[in-house]
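Residue numbers (the working numbering), protein chains in the order written: chain A, 3 to 173; chain B, 3 to 173; chain C, 3 to 173; chain D, 3 to 173.
Ideal placement from N, C-alpha and C gives every residue a C-beta, glycine not left out.
Below is one structure, written out as structure tokens, with a few remarks after it.
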């Protein structure tokens, strides 16, 4: 049985936000979207999360714009951290690429998630997805996972089907 | 490693809704809140859940009004079902009592959740909690759990602290 | 043409909040609704209102609980104020009664409004109604009005059809 | 006193939607915001509008992309219509230009409005603004108006202050 459930102490979760659709805001002045401050801290507040956590805003990018240096920054933050349970919010377009980069890291449960509609929308998958990832971070054994469209996928066994705008298993 | 993550087939999740604050609606004509149709199916739609699931509306009660017969109805639906991964949405006040009744059931992962604000509110913990429970149902080993306030608790190790309106571990 | 539109100075609007469904919140601890702080100031902020206004929380009651003394308090605040353009948010059940009490007041444009769903709900008529009333306060000649269900009614020519949960004209 | 308030018959309002921020939706597949179906009909439904109206989707453009031919199309729909009370939802950037084009039309109350945040957002000025415009259409004498930021401006006496992202009077 996973450690978290046996001990009375709750193991803290680290959330790293990197941008993506989940954090996109609409700025009328610019007639376009932009990613500034992450909505994730606010989302955890609305969810009345009392579980110990830390939230760190690493990047504010559409995932199509992430560079190798960006992915290495994410990996570094995961690797060098004392946290063993980590959630990463990320754009959905290149989530699997970042998952690949993180595969080698040992001893940590790393769950990537994001959203297909901005968290600031009335109708959005954002809170459900972050909830999924936050639970998966507490329960899954060490490894890399992607929580999207209601499934906690193994991070090396999933792809984004762009045509149908959803995540699916692949062998 | 949990089966769900190894097989390419996704194990379906059964959701049983029983009422509670999560499903409360305000009816101006009656000058009060009532529970009619559950918001949970709609919530899963907004969350773009593609994972196979079935949603069954069992009851529409405030959990303070649940009787022993009601809890036995819930237990029966869990026991007699072919599903091994089950989420139950429930009022928070007597969630631990229902968890107790379900403790004896073997071979199933049963996760209770609910919300402290109705799902139809702008500011609510509902989608995050259902997301947590939906992931926990896929990942946790057989047993009873409660997913509230950001933590997946063991169902026999948690209580609702009414004064502070939150769920906490207990020995 | 109404003065407001001729002068370059904008005439300020006074908002008096008295409670009603528009301000109802759900408190899980009490298993029922309560009216505490009004949502109206926040609603005006979300609406990016730059027009000069003042918002005063007079009461926090379901309108079925308003007494003659309460209605006189409202009338007094209207009468004694230097503002000539006034919006009153109010429960819908006895809105016409309060309108009646205000009919005698001269030289002021008084617009009552409320909502059939709490302002804190995702799906609510609240912001639209307050917008209607805020505009009516600027445009209508002195008198009492009720802005509900998309119509700015004369305050002495409207009633609430309880069965159909809507406001309708009456002779 | 405006006709609407004297007769028992409610004069119907025509809404013409032309696009703008109010109707922008975020499409993850395209990594950008687009304007497809207008949210205005749904907004009127949520507002429980029972007042007679007709809603016509003319255009789906950011107002920076409107051409002279587009503005003439809008003017034509206003001019040729039997409705005398008209609301036009429109992007905020060139709302005053369209107002100018409509200035010559006689015998009709024409109110332009829009929003600085999309109507599909949790936090938006959209419903309040449409409510203002819908009331102004019923109350204001024939002429062109702009309802934004809490004020019903005369259409020839207002400009958008782009730096501060708000509408202000001008001489």
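Under the 7 angstroms criterion on CB atoms, residue 167 of chain A is classed as interfacial with respect to chain D. Residues of the same chain with a CB within less than 6 angstroms of the CB of residue 64 of chain A, apart from the 5 flanking positions on each side, are 93 in chain order. The three-state reading of DSSP puts residue 102 of chain D in helix, counting H, G and I together. A distance below 6 angstroms between beta-carbons, with the five flanking residues on each side excluded, links residue 142 of chain B to the following residues of its chain, in chain order: 111. Taking the beta carbon of residue 124 of chain C as reference, the chain B residues within 7 angstroms of it are 122, 123 and 124, listed in sequence order. Proximity of residue 23 of chain A to chain D, defined by a Cβ-Cβ separation below 7 angstroms, is satisfied.
Put simply, the backbone Cα of residue 122 of chain A is about 11 angstroms away from that of residue 121 of chain D. With respect to the 7 angstroms criterion, residue 114 of chain A and residue 90 of chain A are classified as neighbours on the basis of their beta carbons.
Against chain B, the beta carbon of residue 134 of chain A has neighbours under 8 angstroms at 133, 134, 136 and 137, listed in chain order. In chain order, 157 and 158 place their CB closer than 8 angstroms to the CB of residue 102 of chain D, counting only its own chain and leaving out the 5 sequence neighbours on each side.
Residue environment analysis places residue 11 of chain D among the exposed positions, since fewer than 16 neighbouring C-beta atoms fall within 10 angstroms of its C-beta. Listed in chain order, the positions of the stretch 25-50 of chain D with a beta carbon within less than 8 angstroms of a beta carbon of chain C are 45, 46, 48, 49 and 50. As the crow flies, the alpha-carbon of residue 27 of chain A is around 8 angstroms from that of residue 38 of chain A. The DSSP-derived three-state label of residue 168 of chain D is strand. Secondary structure remark: continuous alpha helix (DSSP H) runs of at least 4 residues inside the stretch 32-111 of chain D, in chain order: 42-48, 70-82 and 97-104.
Residue B/51 holds the alpha-carbon nearest to the alpha-carbon of residue 149 of chain A among B/36, B/51, B/145 and B/69. Using a CB distance cut-off of 7 angstroms, residue 151 of chain C counts as an interface residue toward chain D.
Note that the stretch 67-81 of chain B does not touch the stretch 158-170 of chain B; fewer than 3 beta-carbon pairs, one per stretch, sit closer than 8 angstroms. In terms of beta-carbon proximity, residue 118 of chain B lines the interface with chain C, with at least one pair separated by less than 7 angstroms. Listed in chain order, the positions of the stretch 59-93 of chain A with a beta carbon within less than 8 angstroms of a beta carbon of chain D are 64 and 66. The straight-line gap separating the alpha-carbon atoms of residue 129 of chain D and residue 41 of chain D is approximately 10 angstroms. Straight across, the Cα-Cα distance linking residue 24 of chain D with residue 34 of chain D is about 15 angstroms. By DSSP's assignment, residue 156 of chain D forms a beta bridge with D/147. Each residue's CA atom was taken as its position, placing residue 136 of chain B and residue 29 of chain C some 26 angstroms apart. In the DSSP annotation of this structure, residue 22 of chain B is not part of any alpha helix (DSSP H), being labelled neither H nor E.
Around the beta-carbon of residue 73 of chain C, 16 or more other beta-carbon atoms lie within 10 Å, marking it buried.
A check of alpha carbon separations from residue 45 of chain D across C/169, C/172 and C/151 identifies C/151 as the nearest. About 11 angstroms separates the beta carbon of residue 83 of chain A from that of residue 17 of chain A, a gap too long to meet the 8 angstroms contact definition. Looking at the DSSP output, residue 15 of chain B shares a beta bridge with B/55.
In this structure residue 133 of chain A is in contact with residue 133 of chain B, their Cβ atoms being roughly 3 angstroms apart against a cut-off of 8 angstroms. Within the same chain, Cβ atoms closer than 7 angstroms to the Cβ of residue 20 of chain C are found at 60, 61, 63, 76, 90, 91 and 92, the five residues on either side in sequence being excluded. Here residue 87 of chain C is buried. Its C-beta has 16 or more other C-beta atoms within 10 Å. If you draw a straight line from the Cα of residue 69 of chain D to the Cα of residue 147 of chain D, it is about 21 angstroms long. If you compare the alpha carbons of A/139, A/167, A/117 and A/96 with that of residue 109 of chain A, the shortest gap goes to A/139. Interface annotation, residue 141 of chain C: in contact with chain D, CB-CB separation under 7 angstroms.
The beta-carbon of residue 129 of chain B is placed less than 7 angstroms from the nearest beta-carbon of chain A.
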